[in-house]
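These notes concern the structure reproduced below.
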Amino acid sequence: MYKAPRGTSDILPSEQPYWKYIEQKVISLCQLYGYQFLSTPIIEDSRLFTRKRAGGTDIVDKEMYIFKDRGGQELALKPEGTAPVCRAYLEHGLFNLPQPVRLYYIGATFRYERPQAGRYRQHHQFGIEAIGDADPALDAEVIEIAQRFLLSLGIQEFSIQLNSIGCKACRPQYIEALKRYYSAYEDSLCLDCKTRLEKNPLRLLDCKNERCQEIAEKAPKTADFLCRECQTHFHSLQEYLGILDIPFQLNHRLVRGLDYYTRTVFEIQPRKETPQGVLGGGRYDDLIEDLGGKPTPAVGFAAGIERLLLNLKEQGIALPPPPKGAVFIAFLGKEAKNEAMKLASSLRGDGIAAIESVGDKSLKAQLKQANGRDSSYTIIIGKEELETQNAVLRNMKSGEQKTIPLSQLAAVLKQTRL
RNA sequence: GUGAGUGUAGCCCAGAGGUUUAAGGCGCCAGGUUGUGGCCCUGGAGAUCGAGGGUUCAAAUCCCUCCACUCACCCCA
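In the working numbering, the protein residues as written are 1351 to 1768.
Here it is as structure tokens:
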């Protein structure tokens, strides 16, 4: 038997209400802030992600789905949403719009990893990107959206972790200092951290190993190495967050996995035990230039839908009640079947959802079907009804039945609360 | 990539080498007399026991290899 590929899953109708719930929150929230929806392809030129400076991160080095298409073009299933949005920004000259351009997306991303709780090979992200302005007020706006998003979903308890990792002017000095500090402890570091020291020193800071954490505690802080501009930016951001009354925690050990972040980085972690982070983002002032554009500052975040869902379910959030099932049309006999078909079709023409019985089942079986489909009404057409051009309208909750002329059914149903 | 646990019908699961023609519950289908659901009763369909190989007179039950699932690490949404 065929199965969905590892780390992917079918989202069955019974799960859809959760997805719709989140989607609707996303749409109304973004509308509120003037962010516009865009979607980018699932496949991209793989170089969009593997560009020069992108090395050193696992997500592009070992987790990308890369393949050649039949024309020999090397493509990647997108592992994240920001680079594609920036590509679209450049490709379609969105820099000609009033800046900053505020965009959001929601869609599938792919990473070849071993699945675990809240981690899938195909997962879905909701993200926003505000491109074209370096004002820390924009960072504050983005963080506020993230906060309001979680609140609107009903997630009450979370903390916003904030840090600044500087820019290409000041970060190298910091990295040097970090390396210098850590090389003194090299022997005490865990195996992973030994390679981090070589490949990606920033990540030393957020190792979960106990020893490493102790060492990280006293490590040099990015904040102490920021250049004047980055410092001002970071301070203003904190000031703005204060004005907006957004609580945050400075976390000098917060760094982010993607290579392109500059200055602001932030993460939001619900307090309910979810093993994996739910939302993360930051500023990426060099990315668009790296993609061949003019230097263009930008800031954004991405949230993992599956992880959000996990959290929501754990909290047992109440979903809006599902719409009632369509009117079910039962019939008895061949002639009645013809009439039932015509009726179903005309009801739909009047905008009334209708499901017609199929096959040759007993009335009992047909009503059972109606019951299983959660129809609030069943229409019954048999020989008697056919002769008088009537139909029986049965209320499935009360069991009450009325005989109504076929020609008036649509009107009656429209007046009834379905 | 590393480590641990698990894999019996659509779902939950009994079963730990020999009357198992693999049990039960949910769900599904059909009946419980003539055209009526949700409760109850009866019956039925549905499982090459994750796949492949091996041990044995005998394997769902033991061994090996894959595969998948779950969880953790790594990494990240």
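Yeah, the Cβ is synthetic: ideal placement off N, Cα and C, and Gly gets one too.
Going by DSSP, name the residue or residues bridged to Ala1480. Arg1452, Val1649
When we look at the beta-carbon of Tyr1352 and count the other beta-carbons within 10 Å, is it buried (16 or more) or exposed? Tyr1352 counts as exposed, since fewer than 16 other beta carbons sit within 10 angstroms of its beta carbon.
What's the C-alpha gap between Val1762 and Ala1680? 18 Å
Are the segment 1415-1424 and the segment 1604-1621 touching, with three or more C-beta to C-beta distances below 8 Å? no
Can you give me the Cβ contacts of Thr1407 inside the same chain, cut-off strictly under 8 Å, excluding the 5 residues immediately before and after it? Asn1550, Gly1607, Leu1608, Asp1609
How long is the line joining the alpha carbons of Thr1432 and Tyr1611, rounded to whole angstroms? 11 Å
For the segment 1719-1731 against the segment 1678-1693, do three or more pairs of beta-carbon atoms, one drawn from each stretch, fall closer than 8 Å, so that the two count as touching? Touching, yes, given that three or more Cβ pairs across the two stretches are closer than 8 Å.
State whether the segment 1424-1442 contacts the segment 1385-1393, with contact taken as three or more CB pairs (one from each stretch) at a distance under 8 Å. yes
Select from Ile1702, Ala1426, Thr1753, Gln1758 the residue whose C-alpha is nearest the C-alpha of Ala1458. Ala1426
For a test of the three-state rule: what should DSSP assign to Arg1300, helix, strand or coil? Past the boundaries of the shown model lies residue 1300; the chain is included only from 1351 to 1768, so the question cannot be answered.
When Pro1755, Arg1657, Leu1440, Ala1652 are compared against Leu1641, the one with the closest alpha-carbon: Leu1440
Compute the beta-carbon to beta-carbon distance between Tyr1535 and Ile1565, rounded to the nearest angstrom, for a pair I have assumed lies under 8 Å. 5 Å
Output the distance between the C-alpha atoms of Leu1341 and Phe1499, rounded to the nearest integer angstrom. In the structure as shown, the chain starts at 1351 and stops at 1768, and residue 1341 therefore has no counterpart that could be examined.
Would you list, in sequence order, the uninterrupted beta strand (DSSP E) runs of no fewer than 3 residues that lie entirely inside the segment 1682-1767? Along the length of the segment 1682-1767, whole beta strand (DSSP E) runs at least 3 residues long occupy 1704-1706, 1727-1731, 1740-1745, 1751-1755, reported in chain order.
Given a threshold of 16 other Cβ atoms within 10 Å of its Cβ, counted over all protein chains shown, does Ser1396 qualify as buried or as exposed? buried
Sub-8 Å separation of Gln1511 and Leu1594 beta-carbons: no
Based on Cα-Cα distance, which residue from Ser1514, Tyr1462, His1583 lies nearest to Arg1356? Across the set Ser1514, Tyr1462, His1583, the C-alpha of Tyr1462 shows the shortest separation from the C-alpha of Arg1356.
Note down, in chain order, each residue of its chain lying with its Cβ closer than 8 Å to the Cβ of Glu1639, except the 5 sequence neighbours on either side. The residues Pro1645, Thr1646, in chain order, have a CB closer than 8 Å to that of Glu1639 in the same chain once the five nearest residues on each side in sequence are set aside.
Answer yes if the segment 1514-1528 comes into contact with the segment 1565-1584, meaning at least three C-beta pairs across the two stretches below 8 Å, and no otherwise. yes
Own chain residues within Cβ distance below 8 Å of Met1691, not counting five before or after: So the list reads Glu1706, once near-sequence residues are dropped.
Quick check: the Cα distance between Met1414 and Lys1428, rounded to an integer number of angstroms? 8 Å
Mind checking Phe1651: buried by the 16 CB within 10 Å criterion, or exposed? buried
Out of Gln1719, Ala1704, Lys1747, state which residue places its alpha-carbon closest to the alpha-carbon of Ala1760. Ala1704
Locate the alpha helix (DSSP H) running through Thr1400, then write down its first and last residues. 1397-1400
I'd like to confirm the pairing. Which residues does DSSP put opposite Phe1575 in its beta bridges? Answer is none; Phe1575 lacks a bridge partner.
Between the alpha carbons of Trp1369 and Ala1438, how many angstroms are there, rounded? 26 Å
Can you name the residues that DSSP bridges to Phe1499? None, per the DSSP bridge assignment.
Let me make sure I understand the geometry here. Which of Gly1504, Asp1542, Phe1476 has the alpha-carbon closest to that of Pro1670? Gly1504
Just grab the DSSP bridge partners of Tyr1415 for me. Leu1427
Between the alpha carbons of Tyr1531 and Val1410, how many angstroms are there, rounded? Each residue's Cα considered, the two are about 28 Å apart.
Can you tell me the Cα-Cα spacing of Arg1561 and Ser1538, whole angstroms? Near 7 Å, if we compare the C-alpha coordinates of Ser1538 and Arg1561.
Ile1754 versus Val1708 - alpha carbon distance: 22 Å
What's the C-alpha gap between Ala1569 and Gly1422? 47 Å
Please state if the CB of Glu1365 and the CB of Ile1456 are separated by a distance shorter than 8 Å. No, the Cβ-Cβ distance between Ile1456 and Glu1365 is not below 8 Å.
Please classify Lys1412: is it buried, with 16 or more other beta-carbons within 10 angstroms of its beta-carbon, or exposed? exposed
May I ask you to report which of helix, strand or coil DSSP gives Arg1464? coil
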